[in-house]
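Scroll down for the structure; my scribbles are underneath it.
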Amino acid sequence: MFPTATADDLSGRVALITGANHGIGAATAVALARLGAAVLVSYLRLDDPPDPGIPDAYRRNRAADATGVVERVRAVGGRVVPVEADLADPAVPARLFDIAERELGTVDILVNNASGWLADTFKPAAADRHGRTLRQVSAESFDAQFAVDARAGALLIAEFARRNVAARRGWGRVISLTSGGNDGFPEEVSYGAAKAALVNYTMTAARELAPFGITANAVHPPVTDTGWVSEEVRAAVDDGPHLLRVAEPEEVAEVIAFLAGERGRLVTGNVVQLR
15 MFPTATADDL SGRVALITGA NHGIGAATAV ALARLGAAVL VSYLRLDDPP DPGIPDAYRR
75 NRAADATGVV ERVRAVGGRV VPVEADLADP AVPARLFDIA ERELGTVDIL VNNASGWLAD
135 TFKPAAADRH GRTLRQVSAE SFDAQFAVDA RAGALLIAEF ARRNVAARRG WGRVISLTSG
195 GNDGFPEEVS YGAAKAALVN YTMTAARELA PFGITANAVH PPVTDTGWVS EEVRAAVDDG
255 PHLLRVAEPE EVAEVIAFLA GERGRLVTGN VVQLR
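Now the structure itself:
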């Protein structure tokens, strides 16, 4: 078991979490529910082709429905509404908020966790340093990433802001998950670029929405074992100078829960780098 941020009471709050059928998204749903929040968990089952550089556990996790996270949320006494939806469809963000409002109430906490992740590159290579399949940067790889990580994130923040302010909540949290960095993201080119766009949207939200009691931050997790961490990846973390160790999803979720609670009220406009 991981420590619980019991100092924050989110009773009466509603959270919308994307990409929540497994990994960090699922762990976040449980962490927020444990603090009293009702949660809408959005997810999309994916049928990934086998990849010699990615453990099969990751394929199984991405193909799963929301049964597991729903059971975990209910086990801690939480209210949960699962919705399968493809965030590449620009109509989906508004639909998710419609469902959340109908079933749970006005959304107070938005966690942008979903990703259209794929590995692409500018160089002529068929596999990355960990043996995962690489493709060339293309219109298709750009669209797959930016539709979900950038455009959907922006539309979700826009829906959140419009509805939260109209409801005069006077309180809100936007938390976006990011990766890569200012120096680019070799072998995950479009992923890093789309996440950079999401960070920019989130930082702008922090400044524009502050007068309405809304904070907005990005969380940059370390390498987190959501099923994709192979022995090669684990060895690279151990040998690298920038990361301390491979994290568990529950550890990242506790940071998100802190930002979502009252103790995080003075933290806004930040990229919280975890190591």
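The sequence shown begins at 15 in this note's numbering and counts up one residue at a time. Using N, Cα and C, we set each Cβ at its ideal position, and we do this for glycine too. Please read these numbers as outputs of a predicted model, since none were measured by experiment.
Within the same chain, show all residues whose beta-carbon is closer than 7 Å to that of Pro104, passing over the 5 residues directly before and after it, in chain order. Arg165 and Leu169
For Ala47, which residues in the same chain have their Cβ closer than 6 Å to its Cβ, ignoring the five residues on either side in sequence? Val53, Val87, Val90 and Gly92
Span of the alpha helix (DSSP H) around Leu169: Gly167 to Ala180
Residue range of the unbroken beta strand (DSSP E) whose run includes Gly186: Gly186 to Leu191
Straight-line gap, Val28 to Ala43 (C-alpha atoms, nearest Å): 11 Å
Can you tell me where the beta strand (DSSP E) with Asn126 in it begins and where it stops? Ile123 to Asn126
For the beta strand (DSSP E) containing Ala140, name the first residue and the last one. Per DSSP, Ala140 belongs to no beta strand (DSSP E) and is neither H nor E.
Kindly indicate the opening and closing residues of the beta strand (DSSP E) around Asn75. No beta strand (DSSP E) holds Asn75; the alpha helix (DSSP H) holding it covers Asp70 to Ala77.
Buried or exposed: Asp112, going by 16 or more other Cβ atoms within 10 Å of its Cβ? exposed
Please list, in chain order, all residues of the same chain as Leu110 whose beta carbon is under 7 Å from its beta carbon, the five residues on each side excluded. Leu30, Leu54, Ser56, Val97 and Ala99
When burial is assigned at 16 or more other CB atoms within 10 Å of the CB, is Lys301 buried or exposed? The shown model of the chain, from 15 to 289, leaves out residue 301, and the question about it has no answer.
For Tyr57, the residue or residues it bridges with in DSSP: Glu98
Need the endpoints of the alpha helix (DSSP H) that Leu24 sits in, please. Taken as a continuous stretch (DSSP letters only), Leu24 belongs to no alpha helix (DSSP H), as it is neither H nor E.
Contact between the stretch 179-190 and the stretch 122-134: three or more CB pairs below 8 Å? yes
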